[in-house]
């Protein structure tokens, strides 16, 4: 299988979140989860001073752009390029150019491979965060985001919860 890379997609300004939602919906509908791995609108915290009060708000780092981690092929190119609100990939002509390691570092995108001692189907205990002391079975793992999805009983129902690899440990 080809390697996934990060690509930059140009969108209409103000449509970044809508484009992200549309692409994620298309991924789900066309079952492209193995080819289009992640869609991001990079945000940064900015302190604003309004009426003498300091307020921290999140602003888009690159208005008009969305980052996509995907395996580039004709299908994925077509799906992304023909998403409503997308004007094209960043690159010369119609050839998308993946981001380099140096370009991704300031964006906080980790590319190093992380190894964990658990896999899908294993029982894990959450050792930190909101779900501390919760035990669950791993349903899905996302190495790109470094998260595991487990089912937690909430109000008498099984509910999927995404938890960082750093917050869990495998049950013996």
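Numbering (the numbering used here), first residue to last: 4 to 175.
Positions of the beta carbon are idealized from the N, C-alpha and C atoms, including for glycine.
Exposure of residue 54, with buried meaning 16 or more beta-carbon neighbours within 10 Å: Position 51 of the chain shown, counted from the first residue, corresponds to residue 54. The residue is exposed, with fewer than 16 neighbouring Cβ atoms inside 10 Å.
Residue 162 beta carbon less than 8 Å from that of residue 171: Your numbering for residue 171 matches position 168 in the chain shown. Your numbering for residue 162 matches position 159 in the chain shown. Contact flag unset, no.
Straight-line gap, residue 144 to residue 151 (C-alpha atoms, nearest Å): As a first step, residue 144 is located in the chain shown; it is residue number 141 there, counting from the start. As a first step, residue 151 is located in the chain shown; it is residue number 148 there, counting from the start. Rounded to whole angstroms, residue 144 to residue 151 spans 4 Å at the Cα level.
Sequence ranges, beta strand (DSSP E) only - wholly within the region 57 to 95, length at least 3: 68 to 73 and 89 to 92
Secondary structure of residue 144, DSSP reduced to three states: Here residue 144 is taken as the residue at index 141 of the chain shown, counted from 1. In the three-state scheme derived from DSSP, where H, G and I count as helix and E and B as strand, residue 144 is classed as strand.
Per DSSP, the bridge partner or partners of residue 167: Taking the chain shown and counting its residues from 1, one reaches residue 167 at position 164. DSSP lists 150 as partners of residue 167.
Exposure of residue 204, with buried meaning 16 or more beta-carbon neighbours within 10 Å: Because the chain here runs from 4 to 175, residue 204 falls outside it and cannot be looked at.
Cut-off 7 Å between Cβ atoms - residues of its own chain near residue 48, not counting five sequence neighbours on either side: Here residue 48 corresponds to residue number 45 of the chain shown, with the count starting at 1. For residue 48, where only same-chain residues beyond five positions count, the Cβ hits under 7 Å are 59 and 61.
The region 11 to 25 touching the region 80 to 92, judged by at least three CB pairs closer than 8 Å: yes
Residues of its chain near residue 91, where Cβ-Cβ distance is below 6 Å and the 5 sequence neighbours each way are ignored: Residue 91 sits at position 88 when you count from the first residue of the chain shown. Result list for residue 91: 13, in chain order.
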